[in-house]
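Note sheet for the following structure.
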Amino acid sequence: MTSSNQTVLCRYSYDPLDRLASSMPTGQAGIQRFYQKNRLATEIQGALRRTVFQHDDLLLAQQRRVDGALETTLLATDQQRSVLQLVDKAGTEPIAYSSYGHHPAESGLTSLLGFNGECRDPVTGHYLLGNGYRAYNPVLMRFNSPDSLSPFGEGGLNAYGYLGGDPIGFVDESGHVPMPTLKYLANKAYLPGALHLKAGVRKADLAPEKRIPCQVPQ
Numbered sequence: 332m333t334s335s336n337q338t339v340l341c342r343y344s345y346d347p348l349d350r351l352a353s354s355m356p357t358g359q360a361g362i363q364r365f366y367q368k369n370r371l372a373t374e375i376q377g378a379l380r381r382t383v384f385q386h387d388d389l390l391l392a393q394q395r396r397v398d399g400a401l402e403t404t405l406l407a408t409d410q411q412r413s414v415l416q417l418v419d420k421a422g423t424e425p426i427a428y429s430s431y432g433h434h435p436a437e438s439g440l441t442s443l444l445g446f447n448g449e450c451r452d453p454v455t456g457h458y459l460l461g462n463g464y465r466a467y468n469p470v471l472m473r474f475n476s477p478d479s480l481s482p483f484g485e486g487g488l489n490a491y492g493y494l495g496g497d498p499i500g501f502v503d504e505s506g507h508v509p510m511p512t513l514k515y516l517a518n519k520a521y522l523p524g525a526l527h528l529k530a531g532v533r534k535a536d537l538a539p540e541k542r543i544p545c546q547v548p549q
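Residue numbering for the sequence shown follows this note's numbering, starting at 332 and increasing by one per position.
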């Protein structure tokens, strides 16, 4: 293929921390991204500004501002941060994905974040994991580029594989290393509630701790 047959759809720029800072889709206004605690917080494209509100890792709401008009939408998510329902003054909007995160473009997705709480690239429909490190294609169910930690490091033998073929039991925020879902929750502040709800066990139902008396020789 010669260069005359190639068309540039979008140009991407990164900040000194290797995070996606901006993109320039052909024929559209440029998109700027801003982060807080290494998570996407605000995206600006022309007159459109979308801001995500979250507490620690819990997604709460999205604020959308266009030419002074302000809209606030509540976000209902699962334990892996996938946005499953939008709630605003007009009502509710359910969102469904395939097991690997595919969401048809024609069905619309007004939320800035989607599957596993990740932002989908508006040009390709791919999720740019690790704040832009690697593009994940939910249709092909694999990454577009190899993992720099593969095949002998933590990336695993399959340099293009996504979550080891188990998108329910694993999560991958960095685009590098799949992490078991329960371990992912264990690193978050809401582990006890998440585990108790999942297992149907309350702390009060657990057997009391048994102590073995220790005798000290005279």
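Backbone N, C-alpha and C define an ideal beta-carbon position, used for all residues, glycine too. Nothing here was measured: the structure is a model prediction, and the numbers come from that model.
Beta-bridge pairing of residue i - partner residues as DSSP gives them
i: V383; result: Q393
i: P356; result: C341
i: Y366; result: L371
i: V454; result: Answer is none; V454 lacks a bridge partner.
i: V502; result: M510
N- and C-terminal bounds of the alpha helix (DSSP H) containing residue i
i: Y619; result: There is simply no residue 619 to check, as the chain begins at 332 and stops at 549 in what is shown.
Where residue i sits in the DSSP three-state scheme
i: F446; result: helix
i: A466; result: strand
i: G461; result: helix
i: A378; result: coil
i: L471; result: coil
i: L348; result: coil
i: G492; result: strand
i: N336; result: helix
Contacting residues, own chain, Cβ-Cβ under 6 angstroms from residue i (five flanking each side not counted)
i: G358; result: none
i: Q394; result: T382 and T403
i: Q337; result: none
i: L340; result: T357 and V454
i: Q373; result: The displayed chain sequence assigns Thr, not Gln, to residue 373. Excluding positions up to five away in sequence, the list reads F365 and T382.
i: R473; result: Y491 and Y493
Boundaries (first-last residue) of the beta strand (DSSP E) holding residue i
i: G422; result: G422 to P425
i: A400; result: A400 to T408
i: F483; result: Unbroken run through F483: none, as it is neither H nor E.
i: Q416; result: V414 to D419
The ligand ATP heavy atom lying under 6 angstroms from the CB of residue i
i: D349; result: For the ligand ATP, the structure offers nothing, since it holds no ligand at all.
Cβ neighbour criterion (16 or more within 10 Å) applied to residue i
i: F501; result: buried
i: E449; result: buried
i: D503; result: buried
i: D478; result: buried
i: G484; result: exposed
i: P347; result: exposed
i: G486; result: buried
Sequence-distant residues of its chain with Cβ nearer than 7 angstroms to residue i (five each side left out)
i: S353; result: S344, G361, I362, Q363 and R364
i: P482; result: L488 and A490
i: D409; result: L415
i: A525; result: Because A525 carries a pLDDT of 40, less than 50, the predicted location of this residue cannot be relied on, and the following value inherits that uncertainty. Closer than 7 angstroms at the Cβ level, and outside the excluded window around A525, lie Q410 and L516.
i: Y428; result: S413, H434 and F446
Close-in-space but distant-in-sequence residues of the same chain around residue i (CB under 8 angstroms, 5 per side omitted)
i: S505; result: L460, G461 and Y464
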